[in-house]
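**Q** To start, I am sharing the structure in question, which I have written as structure tokens.
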Amino acid sequence: MLAIVSLCARIAVIRPRFAVGYLIVAIVAILAILAPLIAPYSPTEADSTNFLQSPGGSHLFGTDNVGMDIFSRAIYAPRIDLTIAILGTVLSALLGGSIGALVGYYSSGRGIRVWVSFAVMRAADVLQAFPVFVFAIALVASLGQSIQTVVLAIAFVNAPIYLRLMRSQVLSLRSMRYVEASTVNGLSDFQTITRHVIPNAMAPVLAQLSINVGWGILLTAALSFIGAGVRAPTPEWGSMIAMGFQNVVTGQWWPSMFPGAMLAITVFGFSLVGASIEVLADPAKRRQLLNDARQRPAGRAAAASKRQSLEQV
Amino acid sequence: MMRVLGYLAKRLVFVIPQLLGIVLVSFLLVKSIPGDPAVLMLGPTATPDAVASLRESLGLEQPLYIQFFIYVKNILHGDLGTSWQTTRPVLEDLVQRFPATLELVTLSLLLAVVVGVTLGVFAAKQPNGWVARLADLYGLSAGALPDFWFALVLIFVFYTLLGWAPAPLGRIDMIVIPPEPITGAYTIDALLAGDLDAFGSALAHLVLPVLALGLLNAGPILKMTQATVEKMLDSDFSRYEVLCGVPHNLVVRHALRNALPSIVTIISVLYGYLIGGAVLVEIVFSWGGAGQYAVQGVLNSDIYPVLGFVLFSAIFSLMVYIVVDLIYVLLDPRISN
Chain A
2 MLAIVSLCAR
12 IAVIRPRFAV
22 GYLIVAIVAI
32 LAILAPLIAP
42 YSPTEADSTN
52 FLQSPGGSHL
62 FGTDNVGMDI
72 FSRAIYAPRI
82 DLTIAILGTV
92 LSALLGGSIG
102 ALVGYYSSGR
112 GIRVWVSFAV
122 MRAADVLQAF
132 PVFVFAIALV
142 ASLGQSIQTV
152 VLAIAFVNAP
162 IYLRLMRSQV
172 LSLRSMRYVE
182 ASTVNGLSDF
192 QTITRHVIPN
202 AMAPVLAQLS
212 INVGWGILLT
222 AALSFIGAGV
232 RAPTPEWGSM
242 IAMGFQNVVT
252 GQWWPSMFPG
262 AMLAITVFGF
272 SLVGASIEVL
282 ADPAKRRQLL
292 NDARQRPAGR
302 AAAASKRQSL
312 EQV
Chain B
879 MMRVLGYLAK
889 RLVFVIPQLL
899 GIVLVSFLLV
909 KSIPGDPAVL
919 MLGPTATPDA
929 VASLRESLGL
939 EQPLYIQFFI
949 YVKNILHGDL
959 GTSWQTTRPV
969 LEDLVQRFPA
979 TLELVTLSLL
989 LAVVVGVTLG
999 VFAAKQPNGW
1009 VARLADLYGL
1019 SAGALPDFWF
1029 ALVLIFVFYT
1039 LLGWAPAPLG
1049 RIDMIVIPPE
1059 PITGAYTIDA
1069 LLAGDLDAFG
1079 SALAHLVLPV
1089 LALGLLNAGP
1099 ILKMTQATVE
1109 KMLDSDFSRY
1119 EVLCGVPHNL
1129 VVRHALRNAL
1139 PSIVTIISVL
1149 YGYLIGGAVL
1159 VEIVFSWGGA
1169 GQYAVQGVLN
1179 SDIYPVLGFV
1189 LFSAIFSLMV
1199 YIVVDLIYVL
1209 LDPRISN
């Protein structure tokens, strides 16, 4: 246990960006969970005598044009944004990933299955030819505006990514000896796929998941920004930016800048976590990282402590 | 030449099923909208008579597959429906607005290419140098910034605080008369008309939105350039050149030349993406382009502009991909042989 903690600490030293990523995600998650305890004001109640107050004083981030406290709203927002993004991303991975696994597993066989998998891939081509954002708002428009629809839109727009990813993984795994062995041992296709193929194909999918949660947050905020996502009094970063839009042009920057900065930092954090998973999931890159972690920082830390003790003397 | 034409013909044959697929999906999107499409098309002020006659002409009483044929037939005749907001045919509206989007997106893409390829090549020259680290950080943060918010930051700094940029209200100053539309792109039209005032004004209005879109979308180009040039510099032909004493800059130039096909691919993907992806920046700057038109349509349940835009941009992406396939032939002698 201790060894794992110290190894993590060493990795954090040689790849500070990974540590920063996990730190950002952890802080945002904690803020979202503890928001009712931390927030000094209600996130949806307006104090109409106190509108557009500049940051500082009793309102840390100031107030917006109807007098709601921006800090309280900004830390309540990840509750909505993260939930939508995570649900949408997981749904798209389940949808795209399972279809992709089947398509990859059966595309080298014979008969109708080959045709079906060919048709599925062409359908994915067509879906990806649509402009992502307009496709998402068209979905929201046709299914009706609600949080569930935004989740569905994220799932739908991202599903082709997982479809392709899973398919290419499964295609290369399919001819592995252990997959053949499991078939020879009498496991059904379903058992082979769920027990032996999918677990070995998961690594890049996990990295993609983290990156896509970031995109999901961006898409949720973008939809809300134009008024097609989460509606105004609910605290959400995109709609907060939209509310402060006119004020920014006239010089009151705080209603838009704080939520936007939090949004950007959060997405940045998720990208870093995705990058770290990409390294940790790739055996060759992981070996190199672990070797670096075992050798270099130990030397550096020792040198630093030596220097410190010399200075003290 | 004949071979290239044959290749092009083969490529065009594959476009037809893709186009049909796109039309089918957009048709299903209309069908999945709750409510009477005729009412949606005519807007809230329609009379029952008008609704009834439109239902007739849309074939809404017919089975689904016949409705689809009518839909395809209308598209082939250039009839994309009517917008009840502008009360004009969607095709006319789009032809008027698409050049505005195209001008913005093309210039942004140029900026992204310049930034991405330059940084990428310098980062690839020294994989562990400070440029490479900077490029890494740039790629990550550019992908994380929401473009509509970044555009707002630019407006706050360069318009509100410094007063350098014009007000973010459209493509040209209110007091300047827009040039006679020839291509639809204000900068080109102004130059063709020899109107330098209009040209300057249009250019000034382009600066901030192009910066917002160009800087944020340089990330993928940067990553692709860095990765491929690095790979090329690590390959046998580059090592051979180094051994022969070829100057370093020339070696890098040859590596870049060989990395071009993959860079062109990512640029083409980005071009198609930006047509729809520029929507938010268009809204922030009241650009009046095709994307903004589509979003207005969605928000006011005016569905035909949305479908028209989706069709337009999907077709545009397909066209870009075809052009890129031709560029491959020029770039890679192995394909044309």
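Going down the list, the sequences are from chains A and B.
Take any residue in the first sequence, count from 1 to its spot, add 1: that is its number in my numbering.
Take any residue in the second sequence, count from 1 to its spot, add 878: that is its number in my numbering.
Just so it is clear, CB atoms sit at the ideal spot from N, CA and C, and this is done for glycine as well.
#1: Could you name the residues of the segment 989–1019 of chain B whose beta carbon sits closer than 7 angstroms to any beta carbon of chain A, in the order they occur along the chain?
#2: Please report how far the alpha carbon of L88 (chain A) lies from the alpha carbon of A94 (chain A), in whole angstroms.
#3: Name the residue from B:D1073, B:K888, B:T960 and B:A924 whose alpha carbon lies nearest to the alpha carbon of L1185 (chain B).
#4: To the nearest angstrom, how far is the alpha carbon of L311 (chain A) from that of V198 (chain A)?
#5: Looking only at C-alpha atoms, which of A:I212, A:I76 and A:I266 sits nearest to L38 (chain A)?
#6: Kindly confirm or deny that the segment 1182–1202 of chain B and the segment 1146–1153 of chain B touch, where touching means at least three C-beta pairs closer than 8 angstroms.
#7: Helix, strand or coil: which one does DSSP assign to T925 (chain B)?
#8: Considering only DSSP beta bridges, list what G57 (chain A) is partnered with.
#9: Which residue from A:G270, A:Y23, A:G58 and A:F246 puts its Cα closest to that of F1034 (chain B)?
#10: Just the Cα atoms here: how many angstroms apart are L906 (chain B) and Y1171 (chain B)?
#11: Chain B partners of L273 (chain A), CB-CB under 8 angstroms?
#12: For I227 (chain A), go through chain B and note every residue whose CB falls closer than 9 angstroms to its CB, in chain order.
#13: Can you round the beta-carbon distance between G97 (chain A) and P161 (chain A) to whole angstroms, since I take them to be within the 8 angstroms contact cut?
#14: Classify D70 (chain A): buried if its beta carbon has 16 or more other beta carbons within 10 angstroms, exposed otherwise.
#15: For P1046 (chain B), go through chain A and note every residue whose CB falls closer than 9 angstroms to its CB, in chain order.
#16: Mind checking I1060 (chain B): buried by the 16 CB within 10 Å criterion, or exposed?
#17: In whole angstroms, give me the CA-to-CA distance for L3 (chain A) and A1105 (chain B).
#18: When you compare the CB of S118 (chain A) with every CB in chain B, is at least one pair closer than 8 angstroms?
#19: With 8 angstroms set as the bound, which would you pick, yes or no: does the beta-carbon of F62 (chain A) sit closer than that to a beta-carbon of chain B?
#20: To be precise: take each residue of the segment 1064–1084 of chain B, compare its Cβ to all Cβ atoms of chain A, and keep it if any distance is under 8 angstroms. Which residues remain?
#21: Kindly say whether G937 (chain B), judged by its beta-carbon, lies nearer than 8 angstroms to any beta-carbon of chain A.
#22: Between which two residues does the alpha helix (DSSP H) containing Y1151 (chain B) stretch?
#23: Please report how far the alpha carbon of S257 (chain A) lies from the alpha carbon of M241 (chain A), in whole angstroms.
#24: Using CA coordinates, which residue listed in B:R1117, B:V1124 and B:W1042 is at the minimum distance from V1085 (chain B)?
#25: Can you name the residues of chain B whose CB is closer than 9 angstroms to the CB of I242 (chain A)?
#26: Of the residues that make up the segment 251–266 of chain A, which ones have a beta carbon closer than 9 angstroms to any beta carbon in chain B?
#27: Consult DSSP for R288 (chain A) and reduce its assignment to one of helix, strand or coil.
#28: Report yes if the C-beta distance between L1189 (chain B) and S904 (chain B) is below 8 angstroms; otherwise report no.
#29: If we count the other Cβ atoms within 10 Å of its Cβ and call it buried at 16 or more, is W216 (chain A) buried or exposed?
**A** In short, the structure shows the following:
#1: L1018 and S1019
#2: Going by C-alpha positions, L88 (chain A) is about 10 angstroms away from A94 (chain A).
#3: B:T960
#4: Residue confidence for L311 (chain A) is low, a pLDDT of 48 falling below 50, so the modelled location carries little weight; the figure read from the coordinates is stated next. L311 (chain A) and V198 (chain A) have their C-alpha atoms spaced approximately 56 angstroms apart.
#5: A:I76
#6: yes
#7: Three-state DSSP puts T925 (chain B) in coil, outside helix and strand.
#8: A:H60
#9: A:F246
#10: 21 angstroms
#11: L1018
#12: F1026, V1157, L1158, I1161, V1173, V1176 and L1177
#13: 6 angstroms
#14: The residue is buried, with at least 16 neighbouring Cβ atoms inside 10 Å.
#15: V250
#16: exposed
#17: When rounded, the distance between both Cα atoms is 37 angstroms.
#18: By the rule that beta-carbons nearer than 8 angstroms mark a contact, S118 (chain A) does not touch chain B.
#19: Answer no: the Cβ-Cβ gap between F62 (chain A) and chain B never drops below 8 angstroms.
#20: none
#21: Not an interface residue.
#22: H1126 to G1155
#23: 6 angstroms
#24: Nearest C-alpha to V1085 (chain B): B:W1042.
#25: P1024, F1026, W1027 and L1030
#26: Cβ contacts with chain B: T251, G252, W254, S257, M258, P260, G261, A262, L264, A265 and I266.
#27: helix
#28: yes
#29: buried
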